[in-house]
Every structure is written in C-alpha cells, then in structure tokens.
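Chemist:
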Amino acid sequence: MSNINRPTPKPSAENLPFWEAAKAGKLQLAKCLECGRIPYPPTPRCPSCLSSDQSWIVLSGRATLRGWTNIHLDALPGHNAPICLVECALIEDPRSIIALIDESGSAIGAAPNSQMQITFEMNENGWAYPQANCLSEQKLELKERMDK
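At position 19 of the sequence shown the residue is numbered 19 (the numbering used here), and the sequence of numbers has no breaks.
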C-alpha cells in the first residue's frame, strides 16, 4: 500500500536517531541507563525514573501482540480504510508498548501474545515508517470468517 500522503515526520533532538535508523530498516530506541526502560516514543527523560542518562540501542524488532482493531473510517492521514491497528509489547522491554499500523492486515484474528515483527516501509517521500507484521498463523479461520 502506498502511503505517499502520510504526514512527514518532524525529527527533534529526542527522536532523530530513531528516524535515521528507520531509513536503514532498523528499530533503534533510547534505553535508560539507570533503570533499563526503553520508552517509546523517545523522550528526553525516562518516564519511570526521570533519568536523562540514556543510550541508543538497536532492537530486534520482535514484539508480542497485545491487541488489534480494525478502523473502518478514513481516520488516519495517508491511509485508506479499513486499517488494522495493533498494540505490541517489545521483547526487549515488555513495558514499552508501540501502536502501529499492520499494512497487510496480518494481525486480524490473531490471539494476544502472538509473535510480531516490526519492520520499516520506505515511502516515496524519503521517510521510513514502522509497521507491524504478525508471524503467527493461528488466526486464519477468524480472518476468513471476517472476509466473508
């Protein structure tokens, strides 16, 4: 799905390393050196301990599915309905929750805790956007019922 009309990210000091790594197809976030938390979105201070002592690390992109929903209205700029929106917990820090768009709809019908992979789709505007892909195949029956 082309998302040329997606809003262009506005990098800041807090999130520039994230967007630069995204262009290389890597998930990179700041890890708090005090408590080990990996907040998303990136913040200047850790939301858990308020430390500003952070180090950027490359993550695996693996996550577990916490939930999904289909949005049937044209509510997100650059996306046509229906859109599958997923909430994932990072393997490296399950407290870090990321809400992403599942362009392929692969999470429809997936059970909580299904394995997900966060990847990046390069856009014609020169930016790479994160998206989620479900690795589990234990959802096919529900997806087929929903498509009918």
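The C-beta atom is built at its ideal place from N, Cα and C for all residues, glycine as well.
Check the C-beta distance from A63 over to A89 and give it rounded, since I have them as a contact under 8 Å.
Modeler: The Cβ separation is near 6 Å, so the contact holds.
Chemist: For K31, which residues does DSSP report across the bridge?
Modeler: According to DSSP, K31 bridges with S55.
Chemist: Considering only their Cβ atoms, is the gap separating P44 from N160 smaller than 8 Å?
Modeler: With the chain covering only 1 through 148, there is no way to say anything about residue 160.
Chemist: Would you grab the beta carbon distance between Q117 and G61 for me? Rounded to a whole angstrom, and I think it's under 8 Å.
Modeler: With a Cβ gap of about 6 Å, Q117 and G61 count as contacting.
Chemist: Please tell me whether W56 and Q28 are closer than 8 Å, where the distance is taken between their beta carbons.
Modeler: Yes; because the gap between Cβ atoms is below 8 Å, this pair is in contact.
Chemist: Between which two residues does the beta strand (DSSP E) carrying L151 extend?
Modeler: Here the chain comprises residues numbered 1 to 148, so residue 151 is not present and cannot be evaluated.
Chemist: Write down the C-beta distance between E103 and E121 rounded to the nearest angstrom, noting that I regard them as a contact closer than 8 Å.
Modeler: That pair is a contact at about 7 Å.
Chemist: Where DSSP assigns a beta bridge to E121, which residues make up the other side?
Modeler: E121 pairs with Y129.
Chemist: CA-CA distance, N123 and Y129?
Modeler: C-alpha separation (whole angstroms): 7 Å.
Chemist: Tell me where the alpha helix (DSSP H) around A21 begins and ends.
Modeler: First-last of the alpha helix (DSSP H) with A21: 16–23.
Chemist: Span of the beta strand (DSSP E) holding T64?
Modeler: Run containing T64: 62–71, per the beta strand (DSSP E) assignment.
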